[in-house]
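Data first, discussion second: the structure below is written as structure tokens.
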């Protein structure tokens, strides 16, 4: 599988990532993580309006094999939850950067993005 | 300090798995395929068509000699004396307290020759325990661990029998359920049994390592028109859970008896011969044990996993031993030990990430055997 990697994608070593589209920040997990998880069957995401500090647990993804916790890559406030993904968790396997995004967020402090890895560096780290 | 430098072993099919694009994981000290096309897809394929599994990591131990039967009678609660040649039986190796050291299938090859197929992760413990019993009783037996020399392929699914016919074994020679035949095919001796671990009809074929890769290809070729697929450990787990087949280490271990584990059906009630742990097991048979394994279906949308706590009216009554999705039923299911005598349909709740989710106790297996074996 090959995905179109959003420009300027920033990642954590724990596979969460942030990208910006039309002025909005999106949170999702990397294509590498999706491939490792296998069939995603359940996602548990926070409600709109909830705030998280960097590294706080903000949700869970369950694959057929196991449950994996999601850690906030940077501090954020949830603007919108991807209800389509909650209804059809397999969208994450289809494309985590398109219909499979998790949250639309507002960043608490944009400078926290500097702590994240660029996609190429992330790939080198995790492979 | 002694450092364990062992690296995982390869089954003779290791290269086949890589060629097929499997994702490999370390399991019971072997590199094993966890999935090829995807767990859900593979699961469906076994329920609807057929799948082939590399289970070469499992242990094969031959027990022979004039005291072989006496040894086995001492080792398991099943009545092995009733096992006729060319038949197999599911059983457990029990310790003095009736705890389960391992679960296994015993095949009777001849009067005084038996084959034990055991869990890969327990080979060492099994051998030590068997040896201890042999020494204690001064039995005249030969215990021959052939685990490194034999490969085991499992062919499972409603189309399995047709594929075996296609492979060259005429239907009239197919072994019956829990029986086996030894047959020379393609110039190699195959040991073909009608057993498996998916809740489907199927066969397990044991063969010397050197022929395993070729046999794997031949089965895939013979199964081509039946849409056979290679199946990994991931789907093996969802399949066995739907069929409510227990996984050693998850659903049973040395701390539970076969009765607590819901395996009373595999314990002989009429066996007069003594066996390890008989006093405890008999007691559990007569008076219900304090805890027992039950099946449950989640009512709320959440997945229970191994180790999660089970509650009834805010009181913890047990723990989940296996849990996951049931691809066939489209619900989330699991097994748990509970210390209350709740009944089928009673509600329980399971603590998942500090929240409580409703479930109810159900009958096992979760799926009925859809593809009944005709014979």
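Residue numbers (the numbering used here), protein chains in the order written: chain L, 1193 to 1319; chain H, 3 to 377. For every residue, glycine included, the Cβ atom is placed at its ideal position computed from N, Cα and C. Please read all numbers here as calculations on a predicted model, not as lab measurements.
Restricting to Cα atoms, I'd like to know which of L:1313, L:1276, L:1304 and L:1293 is closest to residue 1245 of chain L. L:1304
Secondary structure at residue 105 of chain H, three-state DSSP: helix, strand or coil? Residue state, collapsed to three classes: strand.
Which residue marks the beginning of the beta strand (DSSP E) containing residue 156 of chain H, and which one marks its end? 152–158
Check each candidate in H:332, H:299, H:167 and H:211 and name the one with the smallest Cα separation from residue 347 of chain H. The shortest Cα separation from residue 347 of chain H among H:332, H:299, H:167 and H:211 belongs to H:299.
Pick helix, strand or coil for residue 203 of chain H, following the three-state DSSP scheme. coil
Can a CB atom of chain H be found closer than 8 Å to the CB of residue 1275 of chain L? no
Below-8 Å beta-carbon distance, residue 1315 of chain L vs any chain H residue: The beta carbon of residue 1315 of chain L sits no closer than 8 Å to any beta carbon of chain H.
What does residue 1231 of chain L touch in chain H if you count any residue whose Cβ is under 7 Å from its own? 40, 41 and 42
Can you tell me the Cα-Cα spacing of residue 296 of chain H and residue 260 of chain H, whole angstroms? 13 Å
What does the Cβ neighbour count give for residue 86 of chain H, buried or exposed, with the cut at 16 atoms within 10 Å? exposed
When you compare each of H:206, H:201 and H:188 to residue 220 of chain H by their alpha carbons, which one comes out closest? H:188
First through last residue of the beta strand (DSSP E) which encompasses residue 137 of chain H: That residue, residue 137 of chain H, is in no beta strand (DSSP E); its alpha helix (DSSP H) goes 125–139.
Inspect the beta-carbon positions of residue 157 of chain H and residue 201 of chain H and report whether they are closer than 8 Å. no
Would you mind telling me which residues of chain L sit closer than 7 Å to residue 330 of chain H, beta carbon to beta carbon, in chain order? None at all; the shortest Cβ gap to chain L is about 13 Å.
Which residues in chain L have a C-beta closer than 7 Å to the C-beta of residue 37 of chain H? List them in chain order. 1230
Name, in chain order, the residues that DSSP records as bridge partners for residue 146 of chain H. According to DSSP, residue 146 of chain H bridges with H:64.
Any C-beta of chain L under 8 Å from that of residue 299 of chain H: no
Inter-residue spacing [alpha-carbon to alpha-carbon] between residue 1202 of chain L and residue 1292 of chain L: 17 Å
Within 8 Å (strictly less), CB to CB, does residue 307 of chain H reach chain L? yes
Considering only C-alpha positions, which residue in the set H:256, H:290 and H:198 is nearest to residue 279 of chain H? H:256
Once the 5 residues before and after residue 1271 of chain L are set aside, which same chain residues still bring their CB inside 8 Å of it? 1216, 1240, 1295, 1296, 1297 and 1298
Counted within 10 angstroms of its Cβ, other Cβ atoms place residue 365 of chain H as buried (16 or more) or exposed: The residue is exposed, with fewer than 16 neighbouring Cβ atoms inside 10 Å.
Status (buried if at least 16 other CB within 10 Å, exposed otherwise) for residue 1208 of chain L: buried
Quick one: which residues of the stretch 335–361 of chain H get their C-beta closer than 7 Å to a C-beta of chain L? List them in chain order. Flagged, chain order: 355.
Helix, strand or coil: which one does DSSP assign to residue 376 of chain H? In this prediction, residue 376 of chain H scores a pLDDT of 41, lower than 50, which makes its location untrustworthy; the coordinate-derived value is nonetheless stated afterwards. Coil, per DSSP.
For residue 270 of chain H, collect the residues of the same chain with a Cβ closer than 7 Å to its Cβ; drop the 5 residues on either side in sequence, then sort them by chain order. 79, 80 and 81
Cβ of residue 1234 of chain L less than 8 Å from any chain A Cβ? Absence of chain A from the displayed structure is noted, the protein chains being L and H.
CA-to-CA distance, residue 232 of chain H to residue 1194 of chain L, given in whole angstroms: 23 Å
List the residues that DSSP assigns as beta-bridge partners of residue 264 of chain H. Answer is none; residue 264 of chain H lacks a bridge partner.
Per-residue DSSP class, three states only, for residue 84 of chain H: helix
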